[in-house]
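Visitor: Residue numbers (our numbering), protein chains in the order written: chain U, 74 to 352; chain G, 218 to 424; chain W, 131 to 348; chain E, 54 to 466.
Glycine included, C-beta positions come from ideal geometry on N, C-alpha and C.
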Amino acid sequence: MANTTLQKLEKLDRRWVFLAMAIAVAAPLFFKLGLAPKTTPPVKAFYDYIEQLPPGSRVLCSFDYDPGSKAELNPMCVSVLRHIMLKGHKPVILTLWSTAPALIERNINEVCRDEFGKQYGVDYVYLGLKEGREAVMVAMGKSIRSTFPTDFYGTPLDNLPLMNGVENYSSFALLINVSAGYPGTKEYVQYVTSRFAIPMLSGSSAVSVPEYSAYFQSGQLRGLLTGITGAAEYEALIGKPGLAITAMDGQTMGHFVIIFFILFGNLIFFINRRSKGRA
Amino acid sequence: MKREIPILITLVFGVFMIVQFFIPHPAVNDIANRLQNWAIIVISFSYVLGSANILRINGELVYRRAPGWPYKLVLVIAFFTMATPGLILGIAEGSWTNDRLFTFTYVPLASTMYASLAFYIASAAFRAFRVRTWQASVLAITALIVMLGRIPVSHFIWQDLPGIVDWIMGVPNAVAQRGILIGAALGAIATGLKVILGIERSYLGRE
Amino acid sequence: MEFFWISIAGLCTVAILSFLYSDNPLYKVAEHFFVGIAAGYVVCAEFYNVFLPNLWRPLTSGSDYWLIIPLILGIALFTRFSDELGWISRWPMSVIIGTYSGLAVIGFASGDMVLQVQASLIPVFEPATISTFSSEPSVLNFLQIFRNPLFTLGLICVLFYFFFSVEHKGGLRHIATTGTTLLMIGFGAGYGYTVMTRIALLFDRFYFLFVEWLKIAA
Amino acid sequence: MLLKSASFALIVVALTACAFAQNDSAIVVLGQGAAPTQVLVVDPPNDGGEKLDVSWTPTAQPGFDILKYEVLAAEAAEGPFKVLAEGDHKMTSSVITSGNGLRLEHDHPYYVKVVAIDSTSLAVPDSTNPDSVVVRFEKRLRRSESAVAGPFVPRAAWFNMNRLNILLLVLAFYFAVMFMVRRAKAGANIQFRRIAGIDAIDEAIGRATELGKPVMYVPGTQNIENIQTIASIQLLTSVAAKAANYDIPIIVPLNRAFMVTVAEEAVKQGFLNAGRPDAYMRDNIRYLSDEQFAFTSGTTGIMMREKTAAHFFLGAFYAESLILSETGFVAGAIQIAGTANTHQLPFFVVACDYTLIGEEYFATSALVTRDVEMMGTLKATDYMKAFIIACLLASLVLEMLGVQFLRSWFQVI
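1) Going along the region 175-207 of chain U in order, which residues come within less than 7 Å of chain W, judged by CB to CB distance?
2) Tell me whether the beta-carbon of Ile286 of chain W lies closer than 8 Å to the beta-carbon of Leu445 of chain E.
3) Distance cutoff 8 Å, beta carbons only. Does Tyr331 of chain G sit that close to anything in chain U?
4) What does Pro115 of chain U reach in chain W if we use C-beta pairs closer than 7 Å?
5) Asn241 of chain U to Phe133 of chain W, Cα distance in whole Å?
6) Am I right that Met326 of chain U and Ala100 of chain U are in contact with their C-beta atoms under 8 Å? What's the rounded C-beta distance?
7) What's the C-alpha gap between Ser219 of chain W and Glu207 of chain U?
8) Suppose contacts are defined by Cβ-Cβ distances below 8 Å. Is Gln394 of chain G in contact with Pro283 of chain U by that definition?
9) Do Tyr323 of chain G and Ala330 of chain W count as a contact pair if the criterion is CB distance below 8 Å?
10) DSSP three-state label for Ser174 of chain E, please.
11) Out of E:Phe348, E:Ala419 and E:Thr110, state which residue places its alpha-carbon closest to the alpha-carbon of Ser291 of chain E.
12) Does the region 224-242 of chain W come close enough to the region 201-218 of chain U that 3 or more CB-CB pairs lie under 8 Å?
13) Give a yes or no on whether the C-beta atoms belonging to Gly320 of chain W and His396 of chain E are separated by under 8 Å.
14) Excluding sequence positions up to five away, which residues of its chain have a Cβ less than 7 Å from the Cβ of Gly194 of chain U?
15) Three-state secondary structure (DSSP) at Asn250 of chain U?
16) Whole angstroms are fine: how far does the CA of Gly300 of chain U sit from the CA of Pro325 of chain G?
17) In chain W, what lies closer than 8 Å to Glu306 of chain U by C-beta?
18) What runs of the alpha helix (DSSP H), each 4 residues or longer, lie entirely inside the region 300-350 of chain G?
19) Here's the rule I'm using: 16 or more other beta-carbon atoms within 10 Å means buried, otherwise exposed. How should Arg156 of chain E be labelled?
20) Measure the CB-CB distance between Met364 of chain G and His328 of chain U and report whether it falls below 8 Å.
21) Could you work out which residue in G:Tyr288, G:Ile381, G:Gln376 and G:His372 is closest to Ile358 of chain G when comparing CA atoms only?
22) Checking contacts by CB at 8 Å: is Lys158 of chain W closer than that to chain G?
23) Which residues in chain G have a C-beta closer than 9 Å to the C-beta of Asn184 of chain W? List them in chain order.
24) Output yes or no for whether 8 Å exceeds the beta carbon distance between Trp308 of chain G and Tyr178 of chain W.
25) Per DSSP, which residues does Thr422 of chain E bridge with? Please list them.
26) So which residues of chain A does Val280 of chain U contact, with C-beta pairs closer than 7 Å?
27) Output needed for Gly415 of chain G: all residues of its chain with C-beta closer than 6 Å, excluding positions within five of it in sequence on either side, in chain order.
28) In the DSSP assignment, the alpha helix (DSSP H) including Tyr174 of chain W goes from what residue to what residue?
29) Who are the neighbours of Phe91 of chain U on chain G, taking C-beta pairs under 8 Å?
30) Could you tell me if Gly303 of chain G is buried or exposed, where buried requires 16 or more neighbouring beta carbons within 10 angstroms of its beta carbon?
31) If we cut at 8 Å on Cβ distances, does Gly254 of chain U have a partner in chain E?
32) Would a check of beta-carbon distances place Pro314 of chain U closer than 8 Å to chain E?
33) Note down, in chain order, all residues in the region 283-300 of chain U with a beta-carbon under 9 Å from any beta-carbon belonging to chain E.
34) Is the Cβ-Cβ distance between Tyr331 of chain G and Gly129 of chain U less than 8 Å?
35) Would you verify that the beta carbon of Gly276 of chain G is, or is not, closer than 8 Å to some beta carbon of chain E?
36) Taking only beta-carbon atoms, is Asn390 of chain G less than 8 Å away from chain U?
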C-alpha cells in the first residue's frame with residue numbers, strides 16, 4: 074500500500090510541484106518575514122572599492138541585461154547608480170544588450186535625475202546601446218568617441234561636458250558591469266581588464282557567480298555582487314533598502330522548497346528502488 | 218571567388234584583431250580600429266537580418282495559410298505595432314513604444330518567460346535530480362549547502378554555515394572553475410587560430 | 131488609463147504562466163506577440179543606436195566615406211534570402227567570424243589562460259594558516275589551511291582530468307577522481323546559485339501580480 | 054581618513070570657487086612659491102605614443118596649503134595649454150593622454166607644465182566704501198606654475214614587450230598544433246585515452262534506432278561565429294552520418310536564422326558521407342525562432358510531438374538547458390550534452406545520461422570525427438596542458454623558496 078503510494082508519487086504530475094513552488098514563493102507577500110542577509114566578502118569588496126574612489130571619479134558602467142533578467146539585476150543597477158551618486162562619482166553608462174536601453178534609461182532618470190537632481194551631461198551621461206559585443210569592448214579601448222559618436226539622445230559627445238577629454242578606458246577610474254550573461258562580465262574580463270589597465274567590479278546574475286568567483290579570486294574582478302542575495306546585501310550596505318531586500322523572504326521559502334524536493338524525490342527513489350529490488 | 222574571398226576576409230580581420238594586441242603603433246592600431254568599427258556595423262545589420270528573416274518566414278506562413286497561421290499573423294502584427302511607431306517616433310523614454318508597448322507588454326512577457334524557469338527547476342529537482350553516482354552526490358551535497366548558506370536564515374541553522382559557503386565558493390569552486398576556464402581557453406585559442414588561417418572553414422558550408 | 135495598461139501587463143503575465151497548466155491558445159498568442167514585439171524592438175534599437183550614429187550620420191556628413199564598405203557588406207547580408215546570390219552573404223559573414231575569432235584568441239589567452247594560471251602560482255602551503263588555526267580553532271580556520279593546497283595541487287588534478295593523452299589508470303586514477311570531485315563541487319555551487327536566480331525572477335512576477343497589479347498584498 | 058580629507062579638500066575648492074566666481078580669475082604666479090620644481094617627463098615604452106609620464110617634486114618651501122595639482126600640455130611652448138590631468142595635494146606623478154581638445158600623437162612635440170593650486174589671502178580695498186582706508190582680506194585661489202618643460206616627443210612602439218609572454222605562448226601553441234597536425238597527416242599513430250562520451254553517442258543513436266524514433270540535435274543557441282557552435286557543426290556531420298547509417302531521421306532545431314544554411318550543409322554532408330544523400334530531409338532542419346524561449350518551447354514541443362528518443366545538446370547553451378534536458382529526461386529520452394558554458398553544466402550533469410564538460414566537448418568532436426586536423430590539435434592542446442601543469446609543479450618548489458620568477462613571467466599588461 075505504502076509502496077504503491079510512493080511509486081505514484083514518483084510519477085506525480087509536475088503541476089503539483091509547480092503549485093507548491095508558487096504557494097511557497099508567493100506566501101511571504103502576504104505574511105512578511107522581514108529577513109535581511111549578512112554581508113559576504115565579494116559584496117563587501119564591491120562596496121569598499123566604490124567607497125575608496127576619490128569623489129568625482131569618472132566611472133564607466135555597462136549594464137548588460139534584458140527584461141527577462143530584470144528582476145535580479147535591476148535592483149543592482151539602481152543600487153550601483155545610487156551608490157555612485159551618493160559618493161559624488163560621475164557615471165558614463167552604456168549597454169551591449171539590444172533590449173536593455175529602455176530599462177536602463179528609466180533607472181538613470183529615476184536615480185540620477187529625479188532622486189539626486191543631477192544634471193545630464195555634467196554629472197552623468199547615457200551612451201545607449203552599441204551592438205557588436207566583444208568588438209565594442211575592444212574598440213572602446215582605442216576610442217570611445219568613434220565607437221559612440223553620439224549619446225543615447227543623439228547628442229554628439231563633444232557637447233557633453235562630462236565627456237570632455239574622454240578618449241578610452243584610461244579616462245575612467247573604474248569599470249562596473251552588471252551582467253546577465255553573454256556579452257557581459259566574462260567578456261569584459263577577457264577583452265578589457267587584461268588588455269587595458271582598468272579595475273573592474275561586477276554585479277552578476279547568480280547563475281554566473283560560480284564562474285566569476287574564479288575571476289574574483291584571481292583579482293581580475295575587484296568585487297562581485299552575487300545575484301539577488303548580493304544585491305540585497307549591497308542595498309543594506311548603502312542604506313537604501315529596495316526590491317532585493319523585499320525579495321529575501323520569497324527567496325528563503327523558494328530555496329527551502331527546492332531543498333525539500335531534492336531530498337524527498339531521492340528518498341522516494343531509493344525506497345522504490347529497494348522495494349523493487351526485493352520484489 | 219566564392220570561397221577564397223571569404224577566407225581572405227576572415228584572415229585579414231582575424232589577423233588585425235590579433236596583432237593590434239601586440240603592436241601598439243598607430244599604423245596598425247588605427248586600421249584595426251577601423252576594421253572593428255566596420256564589424257560593429259555589419260553585426261548590427263545581422264541583427265536586422267534576423268528580424269527580417271522572422272518576418273519573412275512568418276509572413277510566408279500567413280500567406281500560405283499554413284497550420285497555426287493566425288498566430289503567425291499575431292507575430293507579424295506585433296512586429297509592425299512595435300517597429301512602425303518605434304522607427305518614426307523613437308524608442309526613448311516618453312515615446313509611446315517605450316512607455317506603453319515595451320513597458321507593459323514586452324517586459325512582463327519576457328520576465329514571466331524566464332520566471333517560469335523556477336517551476337521547471339523545482340520539477341527537475343523532484344523528478345530528474347537523482348543521486349545515482351558518487352559524482353552526483355558530491356554535486357547534490359554542495360548544492361544543498363550552498364542553497365542553505367545563501368539565505369538570510371542560514372546563520373540560525375549553523376553559525377558557521379555562511380562562512381563555509383564563502384569558502385566553498387572562494388576555494389574548491391574557484392579551483393574547479395579555473396580548471397575549466399584554462400581548458401576551455403586552450404580549445405578556443407586553437408579553434409580561433411584555425412578559423413583565421415582558413416584551416417577550419419566549416420562555417421562557410423559546402424560548395 | 132494607467133490601470134488599463136497595468137492590466138494588460140497582468141494579462142501577459144497570466145497568459146505565459148497559463149502554459150504551466152497546459153499549452154493553450156492564450157499562451158500561443160502571447161508568445162507570438164512577444165516574438166514579434168522583440169523582433170520589432172531590435173530593428174528600432176539597432177536603427178537608433180548603431181545605424182544612425184555609426185553609419186548614416188558620418189557617411190552623409192562626409193566625415194568618413196570609407197563607411198560605404200560596411201554599408202555594402204551589411205546590405206550584402208540580405209542576399210542570404212536569394213538562392214542564386216546567397217554566396218555573397220559569406221563576405222559579411224567572414225567579417226563577423228574573422229573579427230570574433232581574432233578577438234577570441236587574445237581574449238582567452240590573456241584573460242583566461244595566462245591570468246588564471248598566474249593566480250595559482252602560489253606557495254603550496256601557507257604556514258600562517260596553521261598558527262591561526264592552533265591559536266583560534268574553528269571550522270573556518272581549519273578550512274583555510276586547505277586553501278593554498280587546493281589552488282595548486284587541486285588545480286593540477288582538475289587539469290589532469292582534461293588531459294587526454296594518458297589513460298586514467300592506477301595511481302593516476304586518484305588524481306583524476308580528485309579533479310572530478312572538485313568539478314562536481316563547482317557544479318553543485320552552480321546549481322545552488324542558479325536556483326537563486328530563478329526564484330528571484332519568480333518572486334518578482336508574484337510581486338507584480340499581487341502588489342502592483344491586484345494590490346491584494348502589501 | 055584619507056577619504057575625509059580628500060572630500061574636505063574638494064569642498065574647500067568648490068566653496069572658494071563659488072564665492073569668488075564673480076571676481077577675476079585666480080592669481081597666477083610663475084615658477085615660484087608653491088610651484089612644483091623639477092618636472093620630469095618620460096615617454097612610456099610599449100605604447101602607441103599617445104601617453105607621457107609626468108612626475109614632479111613639490112615645492113620645498115613650507116607654508117603652502119596646496120589643494121590640487123594640474124598637469125597641462127600644449128603643442129607649442131607658448132601654449133595654448135590644456136589641462137590633461139589633475140589630482141589632490143598628494144599627487145606627484147601622472148600619466149597624461151589625449152583630452153580636452155588636445156590630441157597626444159606619436160612623433161609630435163609637446164610641452165608640459167605642472168600647476169599647484171593653493172589658496173591665499175589677499176588684501177583688497179573695501180569696494181563698498183571707496184574713501185575708506187579699510188582693507189578686506191579675501192581668500193583667492195593661487196595658481197603657481199612650474200617652468201614649461203619640453204619639447205617631448207612620444208614615440209610609438211612596434212611591439213609591446215609586456216605582452217611577449219602571451220605572444221610566445223600563442224606562437225608555441227600554434228607551432229605545436231601545426232607540428233602535430235602534420236604528424237597526424239603523415240599517418241603517425243596518435244593515441245588518446247578513452248572518452249566515455251563517445252560510446253554514449255553511439256549508444257544513444259542505437260537506442261533511438263531500437264525504438265524507431267528520431268534523433269534530435271541542438272547545436273547550441275549561438276551563432277556560427279561562436280567557437281562552440283563551430284565544434285558542434287563538425288560533430289553534427291558525424292552524428293548525422295551515424296543516424297543516416299541506421300536510417301533514422303535527425304531533427305535539428307535552430308534559433309538563429311543564420312544557422313539554417315550551415316546546419317543544412319552539415320547534415321547533408323553527413324548523409325553524403327554515409328552514402329545516403331537520398332535520405333536527407335531538408336524539413337528536419339528547423340529554424341524555430343530567434344527568441345530564446347519561443348525556441349525552447351518549440352524544441353520541447355518537437356520532443357513531445359515526435360517522441361524523439363535521443364537528444365544531443367552540444368554547443369553554447371544558456372537558460373534553455375534546464376527545460377530542454379528536463380523535458381527530455383521525463384520523456385525518457387537518452388541524452389548527451391556538451392558545452393563549455395560552465396553555468397549550464399550542473400543541469401546537464403543531473404538530467405543527462407552523459408555530459409561532456411568544457412574541453413572534453415571539444416576533444417570529443419576531434420575523436421568522433423577522427424579528423425587528423427582535429428586529432429593533431431587535441432594532441433597539441435595536451436602538450437600545452439602538460440606545460441601548464443609543469444609550471445604549476447615548478448612553482449610549488451619556487452614559491453616555497455621565495456622565488457617568484459614564474460609568477461612575474463605570467464604577468465599581463
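Guide: A quick look at the data gives this:
1) Gly201, Leu202, Lys203, Glu204 and Glu207
2) yes
3) yes
4) Ordered by position in chain W, no residue passes the 7 Å Cβ test against Pro115 of chain U, which lies about 12 Å from the chain.
5) 45 Å
6) Yes, Met326 of chain U and Ala100 of chain U are in contact; Cβ-Cβ is about 6 Å, under 8 Å.
7) About 22 Å.
8) yes
9) no
10) strand
11) E:Ala419
12) The region 201-218 of chain U, when compared against the region 224-242 of chain W, does touch it at the 8 Å Cβ threshold.
13) Yes, the pair counts as a contact, with Cβ atoms nearer than the cut-off.
14) Leu233, Pro234 and Leu235
15) strand
16) As the crow flies, the alpha-carbon of Pro325 of chain G is around 20 Å from that of Gly300 of chain U.
17) Under the 8 Å cutoff, chain W gives no residues; its nearest Cβ is about 13 Å from Glu306 of chain U.
18) 324-332 and 334-344
19) Flag for Arg156 of chain E reads exposed.
20) yes
21) G:Ile381
22) yes
23) Asn254, Ile257, Ile258 and Ser261
24) Checking the sequence, you will find Ile at residue 308 of chain G rather than Trp. Their beta carbons are under 8 Å apart, which means Ile308 of chain G touches Tyr178 of chain W by this criterion.
25) None; Thr422 of chain E has no bridge partner.
26) Annotation note: the requested chain A is absent from the structure, which comprises protein chains U, G, W and E.
27) Ile224
28) Looking at the sequence provided, one finds Cys at residue 174 of chain W rather than Tyr. Run containing Cys174 of chain W: Pro155 to Glu176, per the alpha helix (DSSP H) assignment.
29) Counting only Cβ-Cβ distances below 8 Å, Phe91 of chain U has contacts in chain G at Phe336, Ala339 and Ser340, in chain order.
30) buried
31) Closer than 8 Å: yes.
32) For Pro314 of chain U, the answer is no, since every Cβ of chain E falls outside 8 Å of its Cβ.
33) Pro283 and Glu284
34) no
35) no
36) yes
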